[in-house]
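J.: Got a structure for you, questions after.
Right under this line is the structure:
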């Protein structure tokens with residue numbers, strides 16, 4: 538059965554997409570731990586990140602690096618934190634989170650932002666990525 542991420546990739550479920558190439562997609566987390574929290578996902582559905590073959594894994598990380606550079610320009614933060622949890626959705630993915638302190642990576646404090654704020658954040662990140 539297709540995961541929610543596969544449904545997003547296939548356009549069945551809308552998302553705030555910030556970047557995409559032929560093999561990957563990056564979109565805002567709908568329950569972010571910080572504004573700008575972005576998910577980076579391979580289009581090829583694999584349940585566990587470390588089950589990707591070496592080439593797929595490296596390609597995903599390089600795509601995440603590109604997204605992180607744009608994210609850092611678009612959002613006020615000191616760094617972009619990266620984490621892999623992968624328990625909620627059985628589809629390999631990386632979390633990129635704008636952070637100023639380590640506490641900003643606390644997944645116990647998820648937020649819901651208004652749609653217009655999500656759209657504005659998405660546009661800023663997309664523009665910053667495209668300017669790279």
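In my numbering, the protein residues as written are 538 to 669. Cβ atoms here follow ideal geometry from the backbone N, Cα and C, with glycine treated the same way.
(1) At which residues does the beta strand (DSSP E) containing residue 576 begin and terminate?
(2) Expressed to the nearest angstrom, what Euclidean distance is found between the alpha-carbon atoms of residue 541 and residue 592?
(3) Taking contact to mean at least 3 C-beta pairs separated by less than 8 angstroms, is the stretch 621 to 633 in contact with the stretch 567 to 578?
(4) Hey, how far is the Cα of residue 548 from the Cα of residue 617?
(5) Suppose you measure from the CA of residue 586 to the CA of residue 562; what does that come to, to the nearest Å?
T.: Per the coordinate set shown:
(1) 575 to 579
(2) Rounded to the nearest angstrom, the two C-alpha atoms are 24 angstroms apart.
(3) yes
(4) 27 angstroms
(5) Residue 586 and residue 562: Cα-Cα distance of roughly 15 angstroms.
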